[in-house]
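Take a look at the structure below.
Number of protein chains: 2
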Amino acid sequence: MVATTARISPSLEDYLEGVLIVKEKKGIVRVKDLAKLLNVRASSVVEALQKLKERKLIVQQHYGYVELTPEGTNVAKTLYERHNTLTRFFHEVLGIDEKTSEEDACKIEHYLSRETFERIVKFIKFIETCPLDPPEWLSSFHYFVKHRKRPPKSRAKHPR
Amino acid sequence: MVATTARISPSLEDYLEGVLIVKEKKGIVRVKDLAKLLNVRASSVVEALQKLKERKLIVQQHYGYVELTPEGTNVAKTLYERHNTLTRFFHEVLGIDEKTSEEDACKIEHYLSRETFERIVKFIKFIETCPLDPPEWLSSFHYFVKHRKRPPKSRAKHPR
DNA sequence: CAAATATATTAGGCAAGCCTAACTTCTGTC
DNA sequence: GACAGAAGTTAGGCTTGCCTAATATATTTG
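Protein sequence lines correspond, in order, to chains G and X. In terms of the working numbering, the first sequence has 133 at position 132, counting the first letter as 1, and numbering is strictly consecutive. In terms of the working numbering, the second sequence has 102 at position 101, counting the first letter as 1, and numbering is strictly consecutive.
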């Protein structure tokens with residue numbers, strides 16, 4: 002009943018996340034699809050899937066499709082959520098272009114502590130619950146990035 | 002005259018940064034010090050230093066101390082600055098404890114794009130140039146983290 | 001200054017994660 | 001249903017980065 006304790010490697014995280022992504026997009030998951038998504042050869046995918054099977058995160062019949070187990074689904078969804086949250090943070094908060102945001106999220110999602118990740122979630126929530134959307138300070142930051150100086154003294158958009 | 006093109010691996014980045022850190026702290030750099038700092042065996046350090054020598058980032062006499070070349074110094078300082086900036090961001094902006102901030106910075110410093118890194122630098126600069134220090138929104142965020150709700154409607158600390 | 005100890009190096013091994021090439025199985029079409 | 005092409009698998013090799021054990025050099029100390 003106890004879940005596998007050891008965390009899977011960054012590489013395996015990518016494969017597992019990939020399974021979820023392909024599944025959502027195409028309904029079925031083939032070795033070929035994962036190879037394309039992750040830019041590796043099919044044999045590398047097979048090797049990785051073998052390890053994910055050992056950890057009971059996926060099942061796959063010989064020469065068949067790949068399926069996530071319930072636990073694999075949980076893990077994959079958690080990873081995917083991290084990925085998306087980080088992408089949003091880079092793009093929406095820092096104002097980084099979507100492609101770079103995506104790439105950076107992809108790389109660091111494996112390395113950030115749970116604590117820091119959750120704080121970033123809160124940061125986004127904080128911004129979303131601001132009375133003004135986006136809050137004035139964030140608009141100011143984007144102005145600051147664009148014009149290399151702080152915006153002129155604000156005339157609030159919602160004056161009292 | 003052209004600098005070595007290929008980027009060094011995350012692992013080598015750690016070793017190179019370690020050389021700078023030990024140098025600043027102790028004046029001289031020994032294999033032993035790096036082994037301790039990076040939690041590896043001396044033989045692993047020797048192996049890594051060999052690669053850094055090939056890339057002309059350090060010099061070392063046989064059985065002697067390690068020294069950074071001018072280029073090695075540049076690279077190491079850049080890495081160290083990334084490290085420190087990320088640590089500050091996690092700690093001062095997100096409010097993560099120092100130890101975790103440090104650890105997370107250590108891990109992701111190798112993976113973040115230059116673009117995103119520089120945007121984080123700007124984000125910190127933006128905060129530092131706010132008329133109020135820390136700016137009210139940031140205090141509100143820290144309140145939000147601590148009390149799990151937004152602070153009561155602000156009575157500005159610097160009313161006009 | 002010689003022995004003991006500390007430090008650095010070398011040699012050889014291992015795991016992860018990728019690859020190519022050869023082979024097996026599946027699938028769609030005639 | 002046979003067979004050609006597509007997809008999956010297996011075998012074996014390579015690199016990185018770590019390790020232990022054995023060896024070489026430096027340094028300290030009696």
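No residue lacks a Cβ here, since even glycine has one placed at the ideal position from N, Cα and C. Given the structure is predicted, the values throughout are model-derived calculations rather than measurements.
Run down chain G in chain order and give the residues with a C-beta less than 8 Å from the C-beta of residue i.
{"i": "isoleucine 121 (chain X)", "result": "Leu95"}
Going by C-alpha distance, which of the options is nearest residue i?
{"i": "threonine 117 (chain G)", "options": "X:Leu87, X:Glu119, X:Ile59, X:Pro136", "result": "X:Leu87"}
{"i": "serine 102 (chain G)", "options": "G:Tyr112, G:Thr130, G:Phe91, G:Glu14", "result": "G:Phe91"}
{"i": "glutamate 18 (chain X)", "options": "X:Thr74, X:Glu137, X:Pro152, X:Gln61", "result": "X:Thr74"}
{"i": "leucine 95 (chain X)", "options": "X:Thr70, X:Ser141, X:Glu25", "result": "X:Ser141"}
{"i": "valine 20 (chain G)", "options": "G:Tyr81, G:Lys154, G:His111, G:Tyr64", "result": "G:Tyr81"}
{"i": "lysine 147 (chain G)", "options": "G:Leu133, G:Asp105, G:Lys37, G:Ile97", "result": "G:Ile97"}
{"i": "proline 11 (chain X)", "options": "X:Leu133, X:Lys150, X:Leu113", "result": "X:Leu113"}
{"i": "arginine 89 (chain G)", "options": "G:Pro152, G:Ile29, G:Lys126, G:Ala77", "result": "G:Lys126"}
{"i": "arginine 83 (chain X)", "options": "X:Gln61, X:His111, X:Val60", "result": "X:His111"}
{"i": "asparagine 85 (chain G)", "options": "G:Ile22, G:Gln62, G:Leu139", "result": "G:Ile22"}
{"i": "lysine 24 (chain G)", "options": "G:Ala106, G:Thr70, G:Phe145, G:Pro135", "result": "G:Thr70"}
{"i": "cysteine 131 (chain G)", "options": "X:Asp134, X:Lys154, X:Pro135, X:Tyr16", "result": "X:Lys154"}
{"i": "valine 15 (chain G)", "options": "G:Glu119, G:Lys27, G:Lys37", "result": "Note that residue 15 (chain G) corresponds to aspartate in the displayed sequence, not to valine. Comparing Cα-Cα distances from aspartate 15 (chain G) to each of G:Glu119, G:Lys27, G:Lys37, the minimum goes to G:Lys37."}
{"i": "threonine 79 (chain X)", "options": "X:Gln51, X:Gln61, X:Glu119", "result": "X:Glu119"}
{"i": "leucine 133 (chain G)", "options": "X:Asp134, X:Trp138, X:Leu13", "result": "X:Trp138"}
{"i": "glutamate 104 (chain G)", "options": "X:Gln62, X:Arg115, X:Glu104", "result": "X:Arg115"}
{"i": "valine 181 (chain X)", "options": "X:Ala7, X:Arg149, X:Ala106, X:Leu13", "result": "Here chain X comprises residues numbered 2 to 161, so residue 181 (chain X) is not present and cannot be evaluated."}
Can you pull the chain X residues whose beta carbon is under 7 Å from the beta carbon of residue i, in chain order?
{"i": "tyrosine 112 (chain G)", "result": "Lys108, Ile109, Tyr112"}
{"i": "threonine 130 (chain G)", "result": "Arg151"}
Along the chain, where does the alpha helix (DSSP H) that runs through residue i open and close?
{"i": "valine 67 (chain X)", "result": "Segment 67-69 is the beta strand (DSSP E) holding valine 67 (chain X); no alpha helix (DSSP H) there."}
{"i": "isoleucine 22 (chain X)", "result": "11-27"}
{"i": "lysine 54 (chain X)", "result": "43-55"}
{"i": "phenylalanine 142 (chain X)", "result": "137-148"}
{"i": "glutamate 99 (chain X)", "result": "99-109"}
{"i": "valine 32 (chain G)", "result": "32-39"}
Residue i touches chain G at which residues, Cβ-Cβ below 7 Å?
{"i": "aspartate 105 (chain X)", "result": "Leu113, Ser114, Thr117"}
{"i": "proline 135 (chain X)", "result": "Going along chain G, no residue has its Cβ under 7 Å from proline 135 (chain X), so there is no contact; the nearest lies around 11 Å."}
Which bits of chain G does residue i rub up against, with CB to CB less than 9 Å?
{"i": "threonine 79 (chain X)", "result": "Within 9 Å Cβ-Cβ: nothing; threonine 79 (chain X) doesn't reach chain G, min ~18 Å."}
Can you check whether the CB of residue j is closer than 9 Å to the CB of residue i?
{"i": "lysine 123 (chain G)", "j": "isoleucine 109 (chain X)", "result": "no"}
{"i": "alanine 43 (chain X)", "j": "lysine 33 (chain X)", "result": "yes"}
{"i": "isoleucine 182 (chain X)", "j": "glutamate 93 (chain X)", "result": "Given that chain X is displayed from residue 2 to residue 161, the structure contains no residue 182 (chain X) and the question cannot be resolved."}
{"i": "leucine 162 (chain X)", "j": "serine 45 (chain X)", "result": "Limits of chain X in this structure are 2 at one end and 161 at the other, which puts residue 162 (chain X) out of reach."}
{"i": "lysine 57 (chain G)", "j": "glutamate 72 (chain G)", "result": "yes"}
{"i": "glutamate 66 (chain G)", "j": "valine 30 (chain G)", "result": "A small correction: the amino acid at residue 66 (chain G) is tyrosine; glutamate does not occupy that position in the sequence shown. Yes. Within cutoff."}
{"i": "isoleucine 9 (chain X)", "j": "valine 76 (chain X)", "result": "yes"}
{"i": "tyrosine 144 (chain G)", "j": "proline 136 (chain G)", "result": "no"}
At 8 Å on the CB atoms, spell out the chain X contacts of residue i, in chain order.
{"i": "threonine 101 (chain G)", "result": "Ser114, Glu116, Thr117"}
Note the first and the last residue of the continuous beta strand (DSSP E) segment covering residue i.
{"i": "valine 122 (chain X)", "result": "Not the beta strand (DSSP E): valine 122 (chain X) falls in the alpha helix (DSSP H), residues 115-129."}
{"i": "isoleucine 59 (chain G)", "result": "59-61"}
Exercise for the section: Would you list, in chain order, the members of the region 142-154 of chain X that have their beta-carbon closer than 8 Å to a beta-carbon of chain G? Expected result: Phe142, Phe145, Val146, Arg151
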